[in-house]
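Quick notes on the structure that follows.
Number of protein chains: 2
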Amino acid sequence: MDDEEARTRLLDAAEELFYAEGIQAVGMDRIRERSGVPLKRLYRLFPAKDALVAGYLERRDRRWLASLRDAATGAPDPVAAVFDWLAEWFAEPGFRGCAFLNAAGELGAGAPAVVQRHKAELRSLLAELAGSAELAEDLLILVEGATAVASLTPGPAPAHRARALAALATAAAGRAVRPAGAR
Amino acid sequence: MDDEEARTRLLDAAEELFYAEGIQAVGMDRIRERSGVPLKRLYRLFPAKDALVAGYLERRDRRWLASLRDAATGAPDPVAAVFDWLAEWFAEPGFRGCAFLNAAGELGAGAPAVVQRHKAELRSLLAELAGSAELAEDLLILVEGATAVASLTPGPAPAHRARALAALATAAAGRAVRPAGAR
DNA sequence: GCCGCTGGAGAACGACCGTTCTCCGCCTTC
DNA sequence: GAAGGCGGAGAACGGTCGTTCTCCAGCGGC
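Below you can see the structure in the form of C-alpha cells.
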C-alpha cells in the first residue's frame, strides 16, 4: 500500500466516521482501525487531527460540488436539476445534513477555512446556473433550507418543495426584469 | 442561593457556553466556573452532563418558540412577522445558527429528543400562523434556510430574502385555491 | 456548649484522547 | 550471510473530561 492509497483510505474512514458521528466523537484510533493504516503512517500523512479534518472536508467539498455541477450544467432546466440532485442525496442511506454546517456548528470559530469557502463556492455555482447573482441568494436559502429540514426528517420531500419554490422565485425574477404585460 | 436560582444559573451558563462553543468542547468545570454553582450541587440538580444538555435545549425550545409566537400572533401579517423576528435574531451578537441543528449535527443519534420535538413544534406553529399545513412545509424550508445561511454569514439579509420568498409562496398558494382569473 | 448534619471547595479517580516512543520483523544491499 | 534501516504494532505519556470522594467550616437543635 503506497502513500496515495493510504491517504485515500484515511480520508474514506474519516469521512464515514466524522460525518456519521461527529468530529469530536471519533478518536484517531477509530480512524486507524477502520482505514487499516497504522498510526505512524497516519501522522506522517496528516500531522494532526486538524489536518485530517480539513482534508476530509476539502475532499468532500470538491466531490460534492463537482457532482452537483455535473448534474446541473447542460440540464434542460439547470435550477430544477439542482433540486432533483438534492432529492437523490437526501434519500441516500446515512444522509445526515450538510457536513460543513455540522462541522461549523460543532467546532465554532475553530472550524477549518474550507467551511466558509464551500458556501462561497456553492453560492457562485448557483449564480452561474441561474444566470443571476440576485437569484442565487434565494436559491442558496432554498438549498440550505431543504437540506436542514431533510437532515431531521430524511427523505426527498423537502427537495421537491424547494424545487417548486425555486420555480416561483425564478418566475418572479423574470417578471421583475420584464414587467407584467411585457413580452 | 436556593435550588431554583442555582438551576437558572446553571442553565444560563450552559446555554452561553454550549451554544457559543459546542457541547463536547465545554467541560463541566467551565459550567461550574461560570455559574458559580458548586459541582456537588450541579450533579444533584442534573445527574449527568446529558441531563444538563437536555435541560439547556428544553429551556431554549420553550423560550424561542414563545418569543416567536408572541411576535407573530396578532401581527397584521403573521407570516411576514416570523421573518422580521428572524431578522432581529440573526443580527444579535453571538448568533450562531439554530442550537438544535447544531446539537443534532454534533451528537448525531445521541441528540436529546427535544431536538426532534422542537422542529415538530415549529412546524405546527407555522401551520397555525399560515392557516395551512401545506404552506407551513414551505415556510419551514425558508426559516431553516435563512437560519443556515445566516449562521455562516451573519446579518439580517437572509431573513429579508426569505420573507419575500414566503410572500411569493403564500400568493401562489392562494392562487392554487382560487385559480387565476377567479375573484 | 456540644453534636450532628448540610453544603461548599477542591482533590482524586478512572477513562479516554491525541500524540509519541519503543521494539521488532523484514527487506534491501553488499 | 551480515548490516542497516524502514515500517508496523502496540505500549506509553501527558492532558483533559465526567464523576465521585474527602475534608472541613458553618449552623441549627438540645
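Going down the list, the protein sequences come from chains C and F. So the first sequence is residues 20 to 202, counted in my numbering. So the second sequence is residues 20 to 202, counted in my numbering. C-beta: ideal position from N, C-alpha, C; glycine also.
When you compare the CB positions of residue i and residue j, do they come within less than 8 Å of one another, or not?
i, j, result
"glutamate 140/C", "glycine 41/C", "no"
"leucine 144/C", "leucine 87/C", "yes"
"arginine 142/F", "leucine 159/F", "yes"
"alanine 123/F", "leucine 76/F", "no"
"isoleucine 50/C", "leucine 64/C", "no"
"leucine 61/C", "leucine 29/C", "yes"
"phenylalanine 114/F", "proline 177/F", "no"
"serine 151/F", "alanine 181/F", "no"
"proline 224/C", "alanine 106/C", "With chain C running from 20 to 202 in the structure shown, residue 224/C is simply not present."
"alanine 73/F", "proline 131/F", "yes"
"leucine 171/F", "lysine 138/C", "yes"
"arginine 53/F", "alanine 70/F", "no"
"alanine 91/C", "leucine 148/C", "yes"
"valine 45/F", "alanine 25/F", "no"
Using a Cβ cut-off of 7 Å, pull out every chain F residue sitting near residue i, in sequence order please.
i, result
"valine 168/C", "Leu159, Ile160 and Glu163"
"lysine 138/C", "Leu171"
"glycine 156/C", "A small correction: the amino acid at residue 156/C is glutamate; glycine does not occupy that position in the sequence shown. Within 7 Å Cβ-Cβ: Arg180."
Go ahead and pull the three-state DSSP assignment for residue i.
i, result
"aspartate 21/C", "coil"
"alanine 169/C", "helix"
"glutamate 107/C", "helix"
"phenylalanine 102/F", "helix"
"proline 177/F", "helix"
"valine 45/F", "coil"
"glycine 200/F", "Its pLDDT being 45, under 50, glycine 200/F is placed unreliably in this model, and the coordinates cannot settle the point."
"arginine 26/C", "helix"
"arginine 115/C", "coil"
"phenylalanine 65/C", "coil"
"proline 97/C", "helix"
"valine 230/C", "Absent from the structure is residue 230/C, since the part of chain C shown begins at 20 and ends at 202."
"glycine 150/F", "coil"
"alanine 191/F", "helix"
"alanine 132/F", "coil"
"arginine 182/C", "helix"
Return yes when at least one heavy atom of the ligand FMN lies under 7 Å from the C-beta of residue i, else no.
i, result
"arginine 49/C", "Annotation note on the ligand FMN: not contained in the displayed structure, which lists no ligands."
Give the interface partners of residue i over in chain C, defined as CB-CB distance under 7 Å, in chain order.
i, result
"proline 177/F", "Ile160"
"glutamate 40/F", "Gly127"
"leucine 187/F", "Leu187, Ala188 and Ala191"
For residue i, go through chain C and note every residue whose CB falls closer than 8 Å to its CB, in chain order.
i, result
"leucine 120/F", "Gly116, Leu120, Gly124, Ala167, Ser170 and Leu171"
"leucine 184/F", "Asp157, Ile160, Leu161, Leu184, Leu187 and Ala188"
Under 9 Å Cβ-Cβ, which residues of chain F neighbour residue i?
i, result
"alanine 32/C", "Within chain F, no residue comes near alanine 32/C; the closest Cβ sits about 17 Å away, beyond 9 Å."
"alanine 132/C", "Result: empty, since nearest Cβ-Cβ is about 12 Å, beyond 9 Å."
"alanine 44/C", "Gln43, Glu125, Leu126, Gly127 and Gly129"
Checklist entry - Does the stretch 77-94 of chain C touch the stretch 163-180 of chain C, meaning 3 or more C-beta pairs lie closer than 8 Å? => result no
Item to check | contact_flag[the stretch 34-54 of chain F, the stretch 116-130 of chain C] where n(CB pairs < 8 Å) is 3 or more | outcome: yes
Next on the checklist: Below 8 Å, how does it come out for the stretch 176-194 of chain C and the stretch 101-113 of chain C: are there three or more Cβ pairs, yes or no?
Outcome noted: By the Cβ rule, the stretch 176-194 of chain C counts as touching the stretch 101-113 of chain C, because three or more pairs are nearer than 8 Å.
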